[in-house]
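The structure appears right after this line, and notes come after that.
Number of protein chains: 2
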Amino acid sequence: MAYELYYWDGIQGRGEFVRLALEEAGADYLDVAQSGAGAQKMMEYLHGRHGYLKTPFAPPFLRDGDLVISHVANILHYLGPKLGLVPPDEASRIYAHGLQLTIADFVAEVHDTHHPISTADYYEDQREEAKNRTKAFLKHRVPKFIGYFNRLIGANPGRSGLILGTELSYVDLSLFQLCEGLAYAFPRAMANFDQDYPLVAALRDKVRDRPAIAAYIKSGRRIPLNESGIFRHYPELDQDPG
Amino acid sequence: MAYELYYWDGIQGRGEFVRLALEEAGADYLDVAQSGAGAQKMMEYLHGRHGYLKTPFAPPFLRDGDLVISHVANILHYLGPKLGLVPPDEASRIYAHGLQLTIADFVAEVHDTHHPISTADYYEDQREEAKNRTKAFLKHRVPKFIGYFNRLIGANPGRSGLILGTELSYVDLSLFQLCEGLAYAFPRAMANFDQDYPLVAALRDKVRDRPAIAAYIKSGRRIPLNESGIFRHYPELDQDPG
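Protein sequences appear in the order of chains C and P.
Position 105 of the first sequence, counting from 1, maps to 390 under my numbering, and the rest follow consecutively.
Position 21 of the second sequence, counting from 1, maps to 306 under my numbering, and the rest follow consecutively.
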């Protein structure tokens, strides 16, 4: 039976981290919100209509038969072994999950660059605060997170240019997505990205060239980044590289 | 061999969610940062001195023999079955993990009430923004998250007053911690908490009365909440209940 991915329509958002894993593995899946009445089907879960153990707090969530799995990192931890996208030993699986949770924290911080005060208000109502939050994010948080991942790639004894072992993992796919999102949102600030984080940049290129990922990008099924998602390009938030 | 918990000294913070599980289960553990040279030992991990698969991004992390596990939810997902703090079936374990990740998101939002602009700056430098973020947090986010947990407790077919099945889980312990933290940080705004979220409040009382938790609270080992942690009491951020 096909996996069912439930996520908001019209944005890459957090759903894209799951889509990349499903696409890389060539898995059979249905992107429910992109189909007729998909949004309504999703809301039925969020409103508890499917009952016990099937009421996620928010999308994305994945249905696999009788299981409903919410949160990107939880979904990828579940799918990793099934899709061959994580080394099979326990230490690697646990470490990969920790890395993905660090990525989740970073994604939340990216979101807050344009919504530092309230998700209930428009960006335009918190633009000045967004400028200050973005400034701190670019100065302190990007180097802290992306520098960490760059160091880990260098420390991987597999010398594969990947973050874990010698085979592509879902963490690599998510790092690719971070790179693409940052470049879209902050093209000026990221002008020196490849020099500053050469191993992350090389990993990004390696992922982009994977046949399944290249085909997915070409297919038109990958929703373009836009100003409704997590990574948004507001020129007034962008700045010269630090 | 004892578990080793690595976390910042002097605050409950994110480490407390792990401590509560270890305490409830009567597990043998060492709270490393509370011991001599503990902070230095922790930094060795963060600086990558222990090598591959043992370089967390941030505390808390747990060492169990040769495994190093980072992020609260990852740690509790690992410990849950070992400590008997999660139902043993896969669907429950996955759902419990999703709930804990929702709690992690909420905790990050609690943190940002006093640091909405930059973690690199003092609270006093972002006090006005903190007032606005807190206002939105109390109006929109507390009802959304705590209301969700209240509904789930009511929908548990185990009719145990717990969030999963009929036995206490690590998620219940974490919900207790959220209640205690919110009451400490926002005593005015939470004045009607028990009426607004009666099932969560009853669960909190149930956890507080567990012999092991009561003994832990009495022991003096539970670090008092303070203004260096996640839940901080700044009277100017508190407000009348909405």
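Even glycine gets a Cβ: it sits at the ideal position worked out from N, Cα and C.
- In the DSSP assignment, Arg493 of chain C falls within the alpha helix (DSSP H) that extends over Pro483 to Arg493.
- Segment contact: the stretch 444-459 of chain C against the stretch 435-453 of chain P, fewer than three CB-CB distances shorter than 8 Å; contact not assigned.
- Distance from the Cα of Ala499 of chain C is smallest, within the candidate group C:Val485, C:Ala470, C:Gln524 and C:Phe461, for C:Phe461.
- Interface annotation for the stretch 405-422 of chain C against chain P: Ala405, Asp406, Gln411, Glu414, Asn417, Arg418, Lys420, Ala421 and Phe422, criterion Cβ-Cβ distance under 9 Å.
- Nearest CB-CB separation between Ser355 of chain C and chain P: below the 9 Å threshold.
- Chain P has a Cβ within less than 9 Å of the Cβ of Asp390 of chain C.
- Contact check for Leu510 of chain C and Phe516 of chain C: beta-carbon distance about 6 Å, within the 8 Å limit, so the pair qualifies.
- Secondary structure of Ile448 of chain P (DSSP, three-state): coil.
- In the displayed model, Asp397 of chain C falls within a helix according to three-state DSSP.
- Segment contact: the stretch 295-303 of chain C against the stretch 345-358 of chain C, three or more CB-CB distances shorter than 8 Å; contact assigned.
- Take the alpha-carbon of His332 of chain C and the one of Val317 of chain C: they are about 17 Å apart.
- The stretch 365-385 of chain C and the stretch 328-342 of chain P touch, with no fewer than 3 CB-CB distances between them shorter than 8 Å.
- Contact between Ile354 of chain C and Ala421 of chain P does not hold, since the beta-carbon distance rounds to 29 Å and is not under 8 Å.
- Residue-level contact by beta carbon fails for Phe471 of chain P and chain C, as no gap is shorter than 9 Å.
- With respect to the 9 Å criterion, Val392 of chain C and Arg299 of chain C are classified as neighbours on the basis of their beta carbons.
- Spatial neighbours of Pro442 of chain P in its own chain (CB-CB distance under 7 Å, excluding positions within 5 residues in sequence) are not present.
- Between the beta-carbon of Leu463 of chain P and that of Ile388 of chain P there is about 7 Å, and that keeps the pair under the 8 Å contact cut.
- For Val371 of chain P, no alpha helix (DSSP H) run applies, since DSSP gives it neither H nor E.
- By the C-beta criterion, the stretch 365-374 of chain C is judged not to be in contact with the stretch 320-336 of chain C, since fewer than 3 inter-stretch pairs fall below 8 Å.
- Distance check between Phe430 of chain C and each of C:Asp481, C:Tyr408, C:Pro366 and C:Glu308 places C:Asp481 closest, using alpha-carbon atoms only.
- Beta-bridge analysis with DSSP links Glu289 of chain C to C:Leu315 and C:Arg348.
- Taking a 10 Å sphere around the C-beta of Gln297 of chain P, we find 16 or more other C-beta atoms and assign the residue as buried.
- Gly333, Gly336, Tyr337, Leu338, Lys339, Thr340, Pro341, Phe342, Ala343, Phe346, Asp351, Leu352, Val353 and Ile354: these are the residues of the stretch 332-354 of chain P whose beta carbon lies less than 9 Å from some beta carbon of chain C, given in chain order.
- Taking Leu467 of chain C as the centre and dropping the five residues before and after it, the same chain places the C-beta of Met475 closer than 6 Å to its C-beta, in chain order.
- The beta carbon of Thr398 of chain P lies closer than 7 Å to those of Ala415, Arg418, Thr419, Phe422 and Leu522 in the same chain, with the five residues before and after it left out.
- In the DSSP assignment, Leu437 of chain C falls within the unbroken alpha helix (DSSP H) covering Val427 to Ala440.
- Between Glu308 of chain P and Tyr455 of chain P, the CB-CB gap reaches or exceeds 9 Å.
- Linking Leu290 of chain C to Ser513 of chain C through their CA atoms gives a straight-line distance of about 19 Å.
- Secondary structure note for Ser504 of chain C: its alpha helix (DSSP H) is the uninterrupted segment Pro496 to Ser504.
- Scanning its chain for C-beta atoms nearer than 8 Å, with the 5 sequence neighbours on each side dropped, one finds around Pro483 of chain C the residues Asn435, in chain order.
- Close to Ser445 of chain P, with beta-carbon spacing below 7 Å, lies no residue of chain C; the smallest spacing is near 12 Å.
- Taking Arg489 of chain C as the centre and dropping the five residues before and after it, the same chain places the C-beta of Phe461 and Cys464 closer than 6 Å to its C-beta, in chain order.
- By the neighbour-count criterion, in which 16 or more other beta carbons inside 10 Å mark a residue as buried, Gln325 of chain P falls on the exposed side.
- Distances from the alpha-carbon of Pro526 of chain P to those of P:Pro472, P:Ala487 and P:Ala312 put P:Pro472 closest.
- For Asp294 of chain P and Asp406 of chain C, the gap between their C-alpha atoms comes out near 37 Å.
- Using a Cβ-Cβ cut-off of 7 Å, Ile379 of chain C is close to Leu352, Ile354, Asn359 and Tyr363 of chain P, given in chain order.
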